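J.: Chains as they are written, first to last, in this note's numbering: chain A, 17 to 253; chain B, 17 to 253; chain C, 17 to 253; chain D, 17 to 253; chain E, 17 to 253; chain F, 17 to 253.
No residue lacks a Cβ here, since even glycine has one placed at the ideal position from N, Cα and C.
Note that the coordinates shown come from a computational prediction; the quantities given were computed from them, not determined experimentally.
Please see the structure below; I have some questions.
There are 6 protein chains.
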Amino acid sequence: MLSTATRDALASVGTATVSMQLLKRGLRHTALAGVKPLAPDQGCVVGEAYTLRFLPLREDLSDPAVLGAPGYSPRVVIEECPPGAILAIEARGIATTGTLGDILATRLKVRGVAGVVADGAVRDGPGVMATGLPIWCLGSAAPASITELSGGDHQIPIACGNVTIFPGDALVCDADGVVVIPAKLVEEVAAGAVGQDRFEGWVQDRVAEGRPTIGLYPPNAETRAEYEAWKIGSSGS
Amino acid sequence: MLSTATRDALASVGTATVSMQLLKRGLRHTALAGVKPLAPDQGCVVGEAYTLRFLPLREDLSDPAVLGAPGYSPRVVIEECPPGAILAIEARGIATTGTLGDILATRLKVRGVAGVVADGAVRDGPGVMATGLPIWCLGSAAPASITELSGGDHQIPIACGNVTIFPGDALVCDADGVVVIPAKLVEEVAAGAVGQDRFEGWVQDRVAEGRPTIGLYPPNAETRAEYEAWKIGSSGS
Amino acid sequence: MLSTATRDALASVGTATVSMQLLKRGLRHTALAGVKPLAPDQGCVVGEAYTLRFLPLREDLSDPAVLGAPGYSPRVVIEECPPGAILAIEARGIATTGTLGDILATRLKVRGVAGVVADGAVRDGPGVMATGLPIWCLGSAAPASITELSGGDHQIPIACGNVTIFPGDALVCDADGVVVIPAKLVEEVAAGAVGQDRFEGWVQDRVAEGRPTIGLYPPNAETRAEYEAWKIGSSGS
Amino acid sequence: MLSTATRDALASVGTATVSMQLLKRGLRHTALAGVKPLAPDQGCVVGEAYTLRFLPLREDLSDPAVLGAPGYSPRVVIEECPPGAILAIEARGIATTGTLGDILATRLKVRGVAGVVADGAVRDGPGVMATGLPIWCLGSAAPASITELSGGDHQIPIACGNVTIFPGDALVCDADGVVVIPAKLVEEVAAGAVGQDRFEGWVQDRVAEGRPTIGLYPPNAETRAEYEAWKIGSSGS
Amino acid sequence: MLSTATRDALASVGTATVSMQLLKRGLRHTALAGVKPLAPDQGCVVGEAYTLRFLPLREDLSDPAVLGAPGYSPRVVIEECPPGAILAIEARGIATTGTLGDILATRLKVRGVAGVVADGAVRDGPGVMATGLPIWCLGSAAPASITELSGGDHQIPIACGNVTIFPGDALVCDADGVVVIPAKLVEEVAAGAVGQDRFEGWVQDRVAEGRPTIGLYPPNAETRAEYEAWKIGSSGS
Amino acid sequence: MLSTATRDALASVGTATVSMQLLKRGLRHTALAGVKPLAPDQGCVVGEAYTLRFLPLREDLSDPAVLGAPGYSPRVVIEECPPGAILAIEARGIATTGTLGDILATRLKVRGVAGVVADGAVRDGPGVMATGLPIWCLGSAAPASITELSGGDHQIPIACGNVTIFPGDALVCDADGVVVIPAKLVEEVAAGAVGQDRFEGWVQDRVAEGRPTIGLYPPNAETRAEYEAWKIGSSGS
């Protein structure tokens, strides 16, 4: 379960810093390909993944009548995705069909869901943006999901933007896109990221003052010592 | 011929609703892949398609001198596409070469053409946007069409964004992209879309009030009855 | 060496005109595929290319420790790319990993580098945009370059957006993207482009007045004579 | 459960006829993209699908040690896929990593599994072919599955070659590739296919004799009558 | 009209030599991407193109009933493509649907058509190969054309394998694939190709004897003189 | 320098075993995508890489006259690639243009070059195969390299099939394709591969006898002990 402190820490550092922490632990496949903010100013959203899978189209499974069938996962998740969670959708990288529109987005917003991540599109882009629900996706497209996809299960591991997401993994979403943190690594990645972020802020100030980057970023032993001294002085005040 | 009433009806509902009406009639292949508004606020444009085809590059057909040859289709259409129509261009999904620039866009605008749809780019994006002509395409690129394409015929069936467009089909273009309505289905799709749009507006209000979506959208029998009652009351006032 | 006059001439005409001049000289492969402005209002930047190559990932060459190794090209270029030059990066068309972030962008800006061109992404898009360094790329992505790439050499010929760039080639970058002018053709292309640009401005005025494009653009003999007469009158005043 | 009669009927007609029967029932998305016979003479194999999913690579899930972990699905299926069934593998269309090699293929063959279908590769192509197990896939590649994939679950719906396969669906595999028949349609498709196949054999004989195809194939009323008469005569003898 | 002499000359040299002759005349876009011989030993076939276009799928145009409609181009061409010509089919690069099967291939063979070229697949690969009709395509696939395509017109310019083919262009097809010669260039390309082929045969003999390639291939002045002398001696005998 | 013993060891085990040894050392990016044997029975070839780069086409660098220019790398390497080495060519994954034809292949064969690896095609496939030079590539295509590429440098690091190859790296090529071993790891990978290969041979025998794979492959402690005992007995005889 993601604590408020961890969530805040991750939101304060963003995806670039988080992905470096994951790389340092040997994980290179954590950033979703092609998945970008729908609206220009969605900020940074962090939450646990609640997952939904779509399958390739099979016509007998994608008749419009299916949308009202009891237990149809793409509609069940709209009511069951927990407040504070992020609905993560495997849409097979298909940018020409929407996984949800303004009505379902409104319901997710009303229910307190933190956001939506999909390697697919949404329908009626302006209408969805007007709900204020933060969404990371491949853009907007007019056709309904059943035009090119069939509903699959929910709360199973999914492939999204060529990355695996398990239910409960942490998702960090900002202007650069979405990064997945495996559940078991969340605390340590958050701690490492905060330290890295503070160091990089200090480096950024030095570079802005005109200092060259060699030996500074990444730091050699001298730079490290200088930064440690600065940290003591800075926190001493 | 597209009546003003039909055109207005389609423009009021937009592509998401139109594509659902087409899906209900068994047509899944109607939304152009990758074709998006060039300018951020082009609204919804509706018109009949006037078509132009480009072919793969063959150097002897794409010498700059060809642009001035009598009967060269890519230039003929600039003068012959009727006012109110939409110039629909097959550009083979090539985003690195432009199908027209600011001079030709100005001429189309002056002549009253309603807009341009292309599965290719335009040249000099800011210049084209400055003409005020609404355009749906793959973005902007510097090179002229003949850099990667050769001119083909006009007013023949075309493939655009992986969708077939016949001369005279209706095109509905908005923030989500472009949807094609086969000419013979335009009236019935427009009628169905207006009904669907009114119902979805009512649903959106219910969801905003906090109602769950199961049984509401898509509606079960009870919801349908409630909506019918509301419609009578609503139109009775 | 690019003179100020040539640089200004190229910046005044932009990529669409430059690419037509190159096409007239038989060069069709000069516009970078997919490489677009990162910020919406970067204007037109012109400069000589200073090049950097990335290679496909090999894990033993992409350990985070490599970033601090002496002579590591992706860091050397940050300090050695000359003021006024454009850093051109071969990133293999990979949009899911960033070639530089806000710290390195700040350093390039401080050092007077004119801009960056990459067929890859940048990290921390908003942070990089805040530095004011003009960048043409595939967008932003969180992971560091070593997540999917290994550093190669610098100041060698590169492939960028499916186009060859040699060190010292001129790059013209605007809203439509980036066009490469081989070093030996820069002067003649600039001269031709200025003439073409002036003619097209005159044509644009005629079209705005309502004149048809056939015979005008491209011009027939009559139009040419009319333009020559106008030029004399225009410069005579 | 697939009866021997149905299995034999489907094997006698092959994928082209089966896919036409599915198209006549409104199913266009049934043939796996890119999945072809590994060996040149595997004939036609029919069986029920037993499914396995791979997920995108996450390094912590793809350490070589994972291959020996209890319950690891890609190894469990080797022992549990029933005799007569076809092991169907979702490998995400990745042709550069193998889903199984000669040792696992030998075990499947020994256990009486009918074949393997994968939208991925096998390792050690010649060794796998030497086992005699019929395989439809994207070819062969040296690296093990965990080089680019992570193991997922088994006996869940999968996406394979852009087609959905449910456990228990019938797979028909021949020189043209693989076609999926939804479990509930198997009997009726088999019956329809046998009738179609007989008719097409008769047509083929007529065409070989020099008859034109218009009115013959597809048949007009006259041709239908002629065929019905032939059928009576033919079965009467 | 292709003379027997020209046809024989082109068949004797093959596609590699023909494409070099086209390159020397400034044509780089003449070899069809991805289009390969269906059977391993089809030799070299030369003929004039008779063209057929398919369009993207629109369901109302691709009902199975359409196959029997009068004037449906994909069936008309089976009866009208002239003996000695090559049926060239635009199938949009779709390898998962077949443009014709064994019945139609038999009819084309019976009628004396020289071959088929398609940037699509054929149905029932072994059955089609058994007819003996030489075919260049993307391989075989089970579904009928109307599963993913809609029939277009015939005898119009087509795009096939990213190359433009006009009715009447010459097609040269061998183990390397298919090269298109614009009709107006056929005679001169054939003449040039025969000369080049003879020279390269002589070079090949020299290289097999152990001579280095520098100065020999391409030839410097000395080598040219040596070859000219050899030619005189060789024809003098 | 590759010793005969190491070369023989690598050739005896093949690419599947080698790639597993590399994976165990953390290297996942070592198998060339799409690069396959040109002829069906080329066996396993091992050699050091001698590299050549092609760049994207720029027309002024790809005039046919360039082929005879002194120092043109694609022709220099034909005379300078050492006997026993493998000529490794970066051709940008372009399958529609050939990097060499039968004349150059003959010369390489005469000079004792061990083979060619290219992420591109060869010209005149049957002619090249007739030379007996083993080649791993994307197939055959008629046009010459300069139709779509421009010559770059040789003996520099290259990207081939999405993998980095340095001059001097070992290449192992067999029916599954090509795997690159970084020069510094060759000895240890060869040693590890021979041990793995012997173990897998023993496992294969057990599986053929009917043993289940769980606990056997990968081996648990018991299986390991059994194998060690077998090894002693086996080498003792």
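#1: Can you list, in chain order, the residues of the region 142-160 of chain F whose Cβ is nearer than 7 Å to any Cβ on chain E?
#2: Does the beta carbon of F:R44 come closer than 8 Å to any beta carbon on chain C?
#3: Return the chain-ordered ranges of every beta strand (DSSP E) run that is complete within the region 60-137 of chain E and spans a minimum of 3 residues.
#4: Kindly identify the DSSP beta-bridge partner or partners of F:I188.
#5: When burial is assigned at 16 or more other CB atoms within 10 Å of the CB, is B:T22 buried or exposed?
#6: Run through chain F and tell me which residues come within less than 7 Å of C:N178, C-beta to C-beta.
#7: For the region 213-226 of chain E, enumerate the residues whose C-beta is nearer than 7 Å to any C-beta of chain B, in chain order.
#8: Compare the Cα-Cα distances from F:G155 to each of E:K52, E:G177 and E:I248 and report the closest residue.
#9: Any contact of the region 116-131 of chain F with the region 192-205 of chain F, i.e. 3+ C-beta pairs under 8 Å?
#10: Could you spell out the range, first to last residue, of the alpha helix (DSSP H) harbouring A:A32?
#11: Could you tell me if F:D140 is buried or exposed, where buried requires 16 or more neighbouring beta carbons within 10 angstroms of its beta carbon?
#12: Answer with buried or exposed for C:G249, where buried requires no fewer than 16 other C-beta atoms within 10 angstroms of its C-beta.
#13: To which residues of the same chain is C:A207 closer than 8 Å at the C-beta, ignoring the five residues directly before and after it?
#14: Give, in chain order, every residue of the region 17-38 of chain F whose Cβ lies closer than 9 Å to some Cβ of chain D.
#15: Check this for me: beta carbons of F:V29 and F:C189, under 8 Å apart or not?
#16: Any chance you could list the alpha helix (DSSP H) runs of at least 4 consecutive residues sitting entirely within the region 168-251 of chain D, in chain order?
#17: Please report the Cβ distance between B:I174 and B:T67, rounded to the nearest whole angstrom; I am assuming they are in contact, meaning their Cβ atoms lie under 8 Å.
#18: Comparing C-alpha positions only, which one of C:D192, C:L71 and C:P72 sits nearest to B:P159?
#19: Report the partner residues of A:L165 according to the DSSP bridge assignment.
#20: Determine, using beta carbons only, whether B:Q37 and B:V205 come nearer to each other than 8 Å.
#21: Under a Cβ-count criterion, where at least 16 other Cβ atoms within 10 Å of its own Cβ denotes burial, should F:K125 be classed as buried or exposed?
#22: By how many angstroms is the C-alpha of C:A137 removed from the C-alpha of F:P80?
#23: If distances are taken between C-alpha atoms only, which option among B:H170, B:Q212 and B:G217 comes closest to B:R91?
#24: Shorter than 8 Å from the beta carbon of E:D192 to some beta carbon of chain F?
#25: State the beta-bridge partners of B:S156 as determined by DSSP.
#26: Please compile the residues from chain B whose C-beta is within a distance smaller than 8 Å of the C-beta of A:D118.
#27: Assuming C:S166 contacts C:L71 under a Cβ cut-off of 8 Å, what Cβ separation, rounded to an integer in Å, is found between them?
#28: Given this structure, state the Cα-to-Cα distance separating A:T31 from A:A245, to the nearest angstrom.
#29: For C:L48, which residues of its own chain have a beta-carbon under 8 Å away from its beta-carbon, when the five flanking residues on both sides are left out?
#30: Going straight from the alpha carbon of C:T239 to that of C:L232, what length do you get?
#31: From E:S35, E:M17 and E:I181, pick the residue whose C-alpha is nearest to that of E:A209; which is it?
#32: With 16 as the cutoff for other CB atoms within 10 Å, does D:E106 come out buried or exposed?
#33: Could you check whether the Cβ of E:E238 sits closer than 8 Å to any Cβ belonging to chain B?
#34: Please report whether the beta-carbon of D:D76 lies at a distance below 8 Å from any beta-carbon of chain A.
#35: To the nearest angstrom, report how far apart F:K40 and D:E75 are at their CA atoms.
#36: Rounded to a whole number of angstroms, what is the C-alpha to C-alpha distance between B:I110 and E:I172?
T.: According to the structure data:
#1: P142, S156, A157, A158, P159 and A160
#2: yes
#3: 61-72, 102-106 and 131-134
#4: Per the sequence presented here, residue 188 of chain F reads as Val, with Ile not at that position. F:V188 is bridged to F:V62 and F:V195.
#5: buried
#6: By Cβ distance, chain F contributes P72.
#7: none
#8: E:K52
#9: no
#10: T31 to K40
#11: Buried is the call here.
#12: Looking at its Cβ environment, which holds fewer than 16 other Cβ atoms inside 10 Å, C:G249 is exposed.
#13: A25
#14: G30, T31, A32, T33, V34, S35, M36 and L38
#15: no
#16: 202-224
#17: 5 Å
#18: C:D192
#19: A:P72
#20: yes
#21: buried
#22: 36 Å
#23: B:H170
#24: yes
#25: B:V138
#26: From the beta-carbon of A:D118, the residues of chain B found nearer than 8 Å are Q220.
#27: Contact between C:S166 and C:L71 holds, since their C-beta atoms are separated by about 5 Å, short of 8 Å.
#28: Between the alpha carbons of A:T31 and A:A245 lies a gap of roughly 28 Å.
#29: Taken in chain order, the residues that qualify are V133, D135, W152, C176, G177, N178, V179, G193, V194, V195 and V196.
#30: 6 Å
#31: E:S35
#32: buried
#33: For E:E238, the answer is no, since every Cβ of chain B falls outside 8 Å of its Cβ.
#34: yes
#35: 12 Å
#36: 22 Å
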